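Those sequence lines, one after another, are chains A and B. Under the working numbering, think of the first position of the first sequence as 56, with each following residue one higher. Under the working numbering, think of the first position of the second sequence as 56, with each following residue one higher.
Number of protein chains: 2
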Amino acid sequence: MRTHELVLQWIEKQLSDGDLALGGRLPGERAMAEQLQVSRTSVREAVRILEAMGVVRAGVGSGKDAGTVVIAEPGSALGSTLRLHVATRHLPVADIVETRVLLESWAAARAKVGAPALDEAAALLEQMDDSPDIETFLALDARFHVALAQAAGNTVVSAMMASLRGAIENYAGKLTGNLPDWKATSDRLRAEHRAILAAVNADDGGRAADLVAAHIQGFYKEAGVGSQASGR
Amino acid sequence: MRTHELVLQWIEKQLSDGDLALGGRLPGERAMAEQLQVSRTSVREAVRILEAMGVVRAGVGSGKDAGTVVIAEPGSALGSTLRLHVATRHLPVADIVETRVLLESWAAARAKVGAPALDEAAALLEQMDDSPDIETFLALDARFHVALAQAAGNTVVSAMMASLRGAIENYAGKLTGNLPDWKATSDRLRAEHRAILAAVNADDGGRAADLVAAHIQGFYKEAGVGSQASGR
DNA sequence: CTTACAGTGTGGTTAGACCACAGTGGTAGG
DNA sequence: CCTACCACTGTGGTCTAACCACACTGTAAG
């Protein structure tokens, strides 16, 4: 077994045993190295991996943002991983879109009326009305979809949904260039968002799921991603 | 931007541009360091991250298994990430099981009759008949479920399903200790497997999906993971 | 022709040094 | 007394240079 894996095991055990909790701080790299009798390099490699997994965040200096602290951001981490695999052509964009439809439809159908995330989603829609800028619109759109997914109350589905979105974020941005009329498209997307949210709030899960599926597929279809789409 | 991120960007660009393909070899660590004008340490941190993502595999020595080669194993990588997050108590096991049911049901419903993966699944069932050993049985069971998921033809769903399974593999192993009668349980699981496969081969997707959902939920319920189950 | 072995290039690991950064606390100047 | 400055301390970030184990390759000895 390689040295940095030993460090990983040790840290994972600390987490499992509850000796290290969310928001907690890892010992300094030098301290860990001495404690485990390994070099600081090996400790750093382990920390790097955990950072890539969204399990910790490393900060220099001193004070509240300093040191290596335990966080919980599986979404961005999974997103980076998927993005890389898309780059290797092993994961077709079409499969990602299809999976997104699957997860988001399920989440829309299961969304709990009254969930705080739904209020956030509504607020985001208001902001989108005043955002003609494409970048801003897409950023808010992403947050809207994540909020919707969170309303279903399954953290794993939320994380995966966010990661799928993140994996093809750049890709989606480029696709807007294919659109003939951005204003018309964004108006339509806005209307669809409101319809989806209304269906969810009316506790009509089936309708909400159908609307979400059509919403996502419609965008990629208009932008030129068919079911046989090639990567990039 | 940190140095190792620069290296990551460079490698990702090589992948995106097609200069580096699946099965391809990265330049040696020393060569990359010189080419990018960074230290070998930073190159190694980048490689570690890619390795954790299942994008590359590093091997010592020389010859076929040596060097750092591009692979595509998102499943195990995502699984490790999820497992760590389960350790932080941020991802409840119940959510993982629920997501597994969602993905596998979908895959069972979409499985293409005649897919090679179905033949493999059938062969695995034969092997399971001769495997009274719990460990062997569970390993084959995992492969059976993955094969079933692959028959739907969506690489992202396959990878995620495999990762979910992997994330709670140890957990599932411990759960078998809760079972009153392993032989009875395994006989039932075997029968359910055959029923699922039969439904898929009969192109009865709806029935296959229902059977899969009941199969997975049944196991965890019998082993003591309720919908409100706590992690570990 | 076979065998043994030095050579070469790979990743794996280590030690030690220096840097930038951000709080902390003492101190000199107002 | 108060304020502004600045050295101090501990954090992660980076780099260099060396050595190791490994696995193949080519060559030389038998």
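Here a beta-carbon is modelled for each residue, glycine too, at the ideal position from N, C-alpha and C. Just so you know, these numbers come straight off a predicted model, no measurement behind them.
Residue i lies in the beta strand (DSSP E); which residues open and close that run?
{"i": "R123(A)", "result": "Checking the sequence, you will find Thr at residue 123(A) rather than Arg. Per DSSP, T123(A) belongs to the beta strand (DSSP E) from G122 to V125."}
{"i": "G114(B)", "result": "V111 to G114"}
By the criterion of Cβ-Cβ separation under 7 Å, what are the contact partners of residue i in chain B?
{"i": "P171(A)", "result": "Within 7 Å Cβ-Cβ: nothing; P171(A) doesn't reach chain B, min ~18 Å."}
{"i": "P82(A)", "result": "Residues of chain B passing the Cβ test: none, with the nearest at roughly 17 Å."}
{"i": "H200(A)", "result": "Under the 7 Å cutoff, chain B gives no residues; its nearest Cβ is about 17 Å from H200(A)."}
{"i": "L91(A)", "result": "Under the 7 Å cutoff, chain B gives no residues; its nearest Cβ is about 17 Å from L91(A)."}
{"i": "W161(A)", "result": "L157"}
For residue i, I'd like the list of residues in its chain whose CB is within less than 6 Å of its CB, leaving aside the five on either flank, ordered along the chain.
{"i": "A250(B)", "result": "L266"}
{"i": "A170(B)", "result": "A206"}
{"i": "P129(B)", "result": "G109 and A214"}
{"i": "R287(A)", "result": "Confidence is the limiting factor: at R287(A) the pLDDT is only 35, short of 50, which leaves the residue's position unreliable and the question unanswerable from this model."}
{"i": "Q283(A)", "result": "Because Q283(A) carries a pLDDT of 43, less than 50, the predicted location of this residue cannot be relied on, and no value is offered for it."}
{"i": "M87(B)", "result": "V98"}
{"i": "E100(A)", "result": "H59"}
{"i": "A121(A)", "result": "G114"}
{"i": "L230(B)", "result": "A278"}
{"i": "A127(B)", "result": "L77"}
Quick one: which chain A residues come within Cβ less than 7 Å of residue i?
{"i": "D150(B)", "result": "N209, T210 and V211"}
{"i": "A217(B)", "result": "Within 7 Å Cβ-Cβ: nothing; A217(B) doesn't reach chain A, min ~13 Å."}
{"i": "A142(B)", "result": "E67, L70 and S71"}
Going along the chain, which residues of its own chain have a beta-carbon closer than 7 Å to the beta-carbon of residue i, five neighbours each way excluded?
{"i": "A177(B)", "result": "L252"}
{"i": "T154(B)", "result": "L219"}
{"i": "A113(A)", "result": "V102, E106 and T123"}
{"i": "S160(A)", "result": "A264, V267 and A268"}
{"i": "D236(B)", "result": "none"}
What in chain B is Cβ-close to residue i, meaning under 9 Å?
{"i": "E153(A)", "result": "N209, V211 and V212"}
{"i": "L146(A)", "result": "A127, P129, T210, V211 and A214"}
Leaving aside the five residues before and after residue i along the sequence, list all residues of the same chain whose C-beta is less than 8 Å from its C-beta, in chain order.
{"i": "R245(B)", "result": "L180, M183 and D184"}
{"i": "A263(A)", "result": "A163, A164, A166, I251, A254 and V255"}
{"i": "G261(A)", "result": "A164"}
{"i": "V125(B)", "result": "L70, L75, A76, L77, G78, G79, R80, L81, V110 and V111"}
{"i": "I104(A)", "result": "H59 and L63"}
{"i": "G208(A)", "result": "R165, K167 and A170"}
{"i": "V212(B)", "result": "L158, W161, A162 and A204"}
{"i": "R195(B)", "result": "One detail in the question is off: residue 195(B) reads as Leu in this sequence, not Arg. Taken in chain order, the residues that qualify are L179, Q182, M183 and S186."}
I need the boundaries of the alpha helix (DSSP H) containing residue i, first residue and last residue.
{"i": "S218(A)", "result": "T210 to A222"}
{"i": "K276(A)", "result": "G260 to A278"}
{"i": "D242(A)", "result": "W237 to N256"}
{"i": "K119(A)", "result": "Note, K119(A): premise wrong, no alpha helix (DSSP H); not H, not E."}
{"i": "T96(B)", "result": "R95 to A107"}
{"i": "E128(A)", "result": "Careful: E128(A) lies outside any alpha helix (DSSP H) and carries neither H nor E."}
{"i": "T58(B)", "result": "T58 to S71"}
{"i": "R85(A)", "result": "E84 to L91"}
Since residue i and residue j are thought to touch, with beta carbons under 8 Å apart, how far apart are those beta carbons, to the nearest angstrom?
{"i": "A166(B)", "j": "L173(B)", "result": "7 Å"}
{"i": "V62(A)", "j": "A163(A)", "result": "In fact, because the Cβ distance is near 42 Å, the residues do not count as touching under 8 Å."}
{"i": "G279(A)", "j": "N233(A)", "result": "5 Å"}
{"i": "A217(A)", "j": "G134(A)", "result": "7 Å"}
{"i": "E67(A)", "j": "L77(B)", "result": "No, E67(A) and L77(B) are not in contact; Cβ-Cβ is about 29 Å, not under 8 Å."}
{"i": "T123(A)", "j": "V115(A)", "result": "About 10 Å separates the two Cβ atoms, so there is no contact after all."}
{"i": "V156(B)", "j": "I271(B)", "result": "5 Å"}
{"i": "H248(A)", "j": "F192(A)", "result": "With 8 Å as the limit, H248(A) and F192(A) do not qualify as a contact, their Cβ atoms being about 11 Å apart."}
{"i": "T143(A)", "j": "L70(B)", "result": "5 Å"}
{"i": "T210(B)", "j": "L137(A)", "result": "Their Cβ separation, rounded to whole angstroms, is 11 Å, which puts T210(B) and L137(A) out of contact at 8 Å."}
{"i": "A107(A)", "j": "A107(B)", "result": "6 Å"}
{"i": "T240(B)", "j": "E277(B)", "result": "7 Å"}
{"i": "R85(B)", "j": "R95(B)", "result": "6 Å"}
{"i": "V141(A)", "j": "V148(A)", "result": "6 Å"}
{"i": "V168(B)", "j": "D258(B)", "result": "5 Å"}
{"i": "E175(A)", "j": "A197(A)", "result": "In fact, because the Cβ distance is near 13 Å, the residues do not count as touching under 8 Å."}
Which chain A residues sit within Cβ distance under 9 Å of residue i?
{"i": "T136(B)", "result": "A107, M108, G109, V110, P129, A132, L133 and T136"}
{"i": "T96(B)", "result": "T96 and R99"}
{"i": "H59(B)", "result": "R103"}
What does residue i reach in chain A if we use C-beta pairs closer than 8 Å?
{"i": "L139(B)", "result": "E67, L70, L105, M108 and V110"}
For residue i, go through chain B and note every residue whose CB falls closer than 8 Å to its CB, in chain order.
{"i": "L77(A)", "result": "T143, R144 and H145"}
At a cut-off of 8 Å, would you count residue i as near the ligand SAH, judging by its Cβ distance to the nearest heavy atom?
{"i": "Q205(A)", "result": "By its list of ligands, the structure shown contains no ligand whatsoever, and the ligand SAH lies outside what it can speak to."}
Complete alpha helix (DSSP H) runs within the stretch 137-167 of chain B (minimum length 4 residues, chain order): 148-165
Going residue by residue through the stretch 172-200 of chain B, where are the continuous beta strand (DSSP E) segments of at least 3 residues, counting only ones entirely within it? none
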